[in-house]
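Residue numbers (the UniProt record's numbering): 1 to 448.
Data block below; observations after.
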Amino acid sequence: VMPSGGWWAGTLLLSLLCSGTVAARPKVLILGGTGRIGSACATHILRARCAPIEVIIGGRSHRRAQAALQEIAADARLDKGSSELRFEQCDWTDPDSLSRAIAGVDAVIHTAGPFGEQPMVLRACIDAKTPVYVDLSDPLPYIRAAKAMAADAHAAGTCALICAGAFPGLSNVLAMEAASLLPPGEAVGDIDFSYFTAGLGGSGKINLYITNEGFGTPVPTYREGVLDPSLEAGDQPRKVDFFLDDDDPSAKLVGTRTVWSWPFPEAATVASELSIAGSSSVGMGTAPELWNWIMTLMVRSLPRTIWRSQLFCHSLALFSLPLVSITDRYVGETHAMRIDLTGAKGSRIAAVQAHRSFRRIVGQSAAEFALAMIRHPVSHGLEAAAAANPAGALAAELLPIPPGVWTPEELARDPNERRSLLARMLRVEGTLNFGVRVLEYAPGTPPK
Ligand SMILES: NC(=O)c1ccc[n+]([C@@H]2O[C@H](COP(=O)([O-])OP(=O)(O)OC[C@H]3O[C@@H](n4cnc5c(N)ncnc54)[C@H](OP(=O)(O)O)[C@@H]3O)[C@@H](O)[C@H]2O)c1
1 VMPSGGWWAG TLLLSLLCSG TVAARPKVLI LGGTGRIGSA CATHILRARC APIEVIIGGR
61 SHRRAQAALQ EIAADARLDK GSSELRFEQC DWTDPDSLSR AIAGVDAVIH TAGPFGEQPM
121 VLRACIDAKT PVYVDLSDPL PYIRAAKAMA ADAHAAGTCA LICAGAFPGL SNVLAMEAAS
181 LLPPGEAVGD IDFSYFTAGL GGSGKINLYI TNEGFGTPVP TYREGVLDPS LEAGDQPRKV
241 DFFLDDDDPS AKLVGTRTVW SWPFPEAATV ASELSIAGSS SVGMGTAPEL WNWIMTLMVR
301 SLPRTIWRSQ LFCHSLALFS LPLVSITDRY VGETHAMRID LTGAKGSRIA AVQAHRSFRR
361 IVGQSAAEFA LAMIRHPVSH GLEAAAAANP AGALAAELLP IPPGVWTPEE LARDPNERRS
421 LLARMLRVEG TLNFGVRVLE YAPGTPPK
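Following this line, the structure appears as structure tokens:
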């Protein structure tokens, strides 16, 4: 089943500008915009625009900034000297530097991980009453701390979306779409997320460190409908087909791969959102296959406590970087994901999505989420008018998410919102294939 209809991000920006509720030229700050994923995010926003916008990339290093500005300007086909793109030096761990950078911006997209456990940038955005905040976070303690700020965000008028990358992010929205295809009345039983990234997928070396740290982190899976995390990252191998049809491009490029249990939060947050009755799992695999086996061997030989040492994880990342850089030259940047959902009566739904570049799809997904969020303050501007005339056309334009702190699955609760998000996110440049399909039906259930 393919999502259809919806509108494109550029149209959103245009309607936003025409509404007169935000600055004539919205300012978007991308923290970490000098990095691999942040620069892909900046490029996508600039390419999607159909009206002037100001994209500010934030980072600590001028040297990195110069390279990123050049790459983004070329990829987004900006005129020489365009005022739509600039760099601002900023260290988000320094409160003064951060508050200077976010002052007066309409949206902050935080891509400068790792995210740790405290949402410092979100806190600063709420204090500054920034209208839109989006990040690429994934640690569960961070998500809980961010959700605890929901009332403050609501009071400040900040619309915040966390975990808004490819996985978690797009994967959560796809899972919600898959769940919506269950026959009426059938509850969700099990949900399994599977991911494949060739090497680092074009992302920065910080992701090697984050991967090492993951081995010491409990995997937040559900068992029999209850959250039951266990220290099994890098274990529990299973085979996954990253395609629905044999002629899907991902069948040839990715095919069937082994994935190993991995501590991504959607195994808990989406399972909770869907009130699953059974179990959840999340698995990750990379290429070349050799890396999976080396890491599995290491994780089985070293105690989990070692993987919680920052020094160990940094040293291992530094040691493996030259080797990964060599193998990355041969494996490309391919990304693929698959979500399998089993209904309590046995129905099975599968969703697949694949892209040429992991780095690009993460940046593009964050950009698309942000563009969807930028629309929300416009609807907030309509609230007063709609309250005065609840039966009027304005009420129909109100969108389901008020200010607060949200996850992608919460944003995707509303079927229209979900399908319009998917209509854009599944068709971004570089997408190889996608699909959401009912595989089997519970006896007596008519096919959709
Ligand atoms: N949800 C998903 O799908 C997903 C997938 C993969 C990765 N991620 C997240 O994406 C993040 C970025 O990955 P990447 O590949 O783009 O890494 P990257 O290339 O290393 O980029 C990170 C950028 O952040 C900047 N930065 C780091 N610390 C900063 C600070 N204190 N203040 C301001 N800027 C800072 C760095 O520039 P300077 O060093 O010059 O400051 C760099 O440009 C990762 O940390 C990970 O958490 C999410």
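C-beta: ideal position from N, C-alpha, C; glycine also.
Check, Outcome
"Beta-bridge pairing of N433 - partner residues as DSSP gives them", "A354"
"Alpha-carbon to alpha-carbon, A423 and L311", "43 angstroms"
"Nearest residue (CA-CA) to F264, options A367, P220, K345 and T327", "P220"
"CA nearest to the CA of P26, picked from G216, S61, V105 and I143", "V105"
"W260, enclosing alpha helix (DSSP H) - first and last residue", "Taken as a continuous stretch (DSSP letters only), W260 belongs to no alpha helix (DSSP H), being part of the beta strand (DSSP E) at T256 to S261."
"Any non-hydrogen atom of ligand 1 closer than 7 angstroms to R64 Cβ", "yes"
"Beta-carbon proximity check, F434 vs G202, cutoff 8 angstroms", "no"
"As assigned by DSSP and simplified to three states, the class of S320", "helix"
"I37 CB to nearest heavy atom of ligand 1 below 7 angstroms", "yes"
"Option nearest D241 by Cα separation, candidates A354, E409 and G189", "A354"
"At least 3 beta-carbon pairs within less than 8 angstroms: the stretch 186-202 vs the stretch 328-346", "yes"
"Residues sharing a beta bridge with G404, DSSP", "C159"
"Whether G38 touches T111 by CB criterion (8 angstroms)", "yes"
"Beta-carbon contacts of R418 that lie in its chain and below 7 angstroms, excluding the five residues immediately before and after", "V173, M176, E177 and A412"
"Own chain partners of R60 with C-beta closer than 8 angstroms, once the 5 adjacent residues on each side are dropped", "Q89, C90 and D91"
"Cα-Cα separation between W7 and W293, rounded to whole angstroms", "Caution applies to W7, whose pLDDT of 33 falls short of 50 and renders its modelled position unreliable; the value that the coordinates give is listed next. W7 and W293: Cα-Cα distance of roughly 44 angstroms."
"Helix, strand or coil at L136 [DSSP, three-state]", "coil"
"For L170 and L297, the rounded distance between their alpha carbons", "31 angstroms"
"Helix, strand or coil at G35 [DSSP, three-state]", "coil"
"Ligand 1 heavy atom lying under 7 angstroms from the CB of C90", "yes"
"Alpha helix (DSSP H) segment containing S301, residue limits", "E289 to S301"
"Selection from I126, E71 and D228 that minimises the alpha carbon distance to A160", "I126"
"Residues of its chain near L182, where Cβ-Cβ distance is below 8 angstroms and the 5 sequence neighbours each way are ignored", "V188, L341, G343, S347 and I349"
"Alpha-carbon spacing of D248 relative to I374, whole angstroms", "34 angstroms"
"Reference K345, options E440, P52 and I326, closest by Cα", "E440"
"Own chain partners of F369 with C-beta closer than 6 angstroms, once the 5 adjacent residues on each side are dropped", "V134, L161 and A164"
"DSSP-derived helix/strand/coil call for P131", "coil"
"T197 vs T286 beta-carbon contact at 8 angstroms", "yes"
"Among D96, S82 and R100, the one whose alpha carbon lies nearest that of L29", "R100"
"Cβ pair count under 8 angstroms reaching 3, the stretch 73-90 against the stretch 50-60", "yes"
"Inter-residue Cα distance where the pair is P446 and L244", "Only weak support is given to the placement of P446: the predicted model assigns it a pLDDT of 48, under 50, and the question is left unresolved by the model."
"L136 CB to nearest heavy atom of ligand 3 below 7 angstroms", "Among the ligands present in this structure, namely ligand 1, ligand 3 is not found."
"V226 burial status per 10 Å Cβ neighbour count (16 or more: buried)", "exposed"
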